[in-house]
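K.L.:
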Ligand SMILES: [Zn+2]
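Residue numbers (my numbering): 2 to 159.
1) Could you tell me whether the segment 82 to 99 touches the segment 45 to 55, where touching means 3 or more Cβ pairs closer than 8 angstroms?
2) Please state the DSSP three-state secondary structure of residue 118.
3) Within this structure, are the beta carbons of residue 60 and residue 91 separated by less than 9 angstroms?
4) Under the three-state reduction of DSSP, which class applies to residue 134: helix, strand or coil?
5) Since residue 7 contacts residue 135 with CB under 8 angstroms, what's their CB separation in whole angstroms?
6) Let me know the secondary structure DSSP gives residue 123 once reduced to three states.
7) Would you report the Cα separation of residue 110 and residue 68, rounded to the nearest angstrom?
8) Residue 123 and residue 101 look like a contact to me (Cβ under 8 angstroms); what is the Cβ gap, rounded to whole Å?
9) Just mark residue 146 as buried or exposed, buried being the case when its beta carbon has 16 or more other beta carbons within 10 Å.
10) Tell me the rounded alpha-carbon separation between residue 94 and residue 140.
11) Would you report the Cα separation of residue 105 and residue 117, rounded to the nearest angstrom?
12) Under 9 angstroms between the Cβ atoms of residue 36 and residue 66?
13) List the residues that DSSP assigns as beta-bridge partners of residue 100.
14) Measuring only from the beta carbon, is residue 29 closer than 8 angstroms to any heavy atom that is part of ligand 1?
15) Check whether the Cβ of residue 8 sits closer than 8 angstroms to any heavy atom of ligand 1, and report yes or no.
16) Looking only at C-alpha atoms, which of 138, 150 and 148 sits nearest to residue 14?
17) Between residue 92 and ligand 1, is there a pair consisting of the residue's CB and a ligand heavy atom that are separated by less than 8 angstroms?
Set out below in structure tokens:
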């Protein structure tokens with residue numbers, strides 16, 4: 002998996018155009034790792050649950066997890082929440098797909114098949130080298146978006 006900061010920064014940049022609820026999209030960008038890591042953290046010695054955590058990086062199970070998570074929201078907000086969390090989570094999976102592995106890792110078409118699908122362009126540590134670029138781009142976009150609110154407003158003391 003690429004570094005979590007790469008997931009968050011690229012998602013923020015992509016959401017600049019999508020204009021979905023930023024916090025939900027960013028949570029969505031972490032969602033597959035949160036979903037998968039719960040089992041590893043709670044039962045690190047359980048081989049079966051570790052394997053299940055790998056399967057939880059497949060789109061259908063991630064979307065199912067998002068669907069269940071969205072049930073925590075008010076009914077009127079669920080559609081927007083599902084869309085934002087799903088976009089963030091699917092962006093996470095797309096970025097993960099670009100990573101090289103020594104063994105089969107991401108089962109994109111589970112539960113239909115156990116064949117893996119990846120476009121192995123980068124090793125996971127190579128993503129870390131791109132962080133300064135993504136960070137700079139994020140700051141530029143953030144500044145451009147918040148330019149109006151950064152302008153000093155006159156106060157009662159002026
Ligand atoms: Zn991941």
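Just so you know, even glycine gets a beta-carbon here, dropped at the ideal spot from N, CA and C.
P.N.:
Taking the definition as stated:
1) no
2) coil
3) yes
4) helix
5) Going by Cβ atoms, the distance from residue 7 to residue 135 rounds to 6 angstroms, so yes, they are a contact pair.
6) strand
7) 18 angstroms
8) 6 angstroms
9) exposed
10) 24 angstroms
11) 6 angstroms
12) yes
13) DSSP, once it has assigned bridges, lists 123 as partnering residue 100.
14) no
15) yes
16) For residue 14, the nearest C-alpha among the options comes from 138.
17) no
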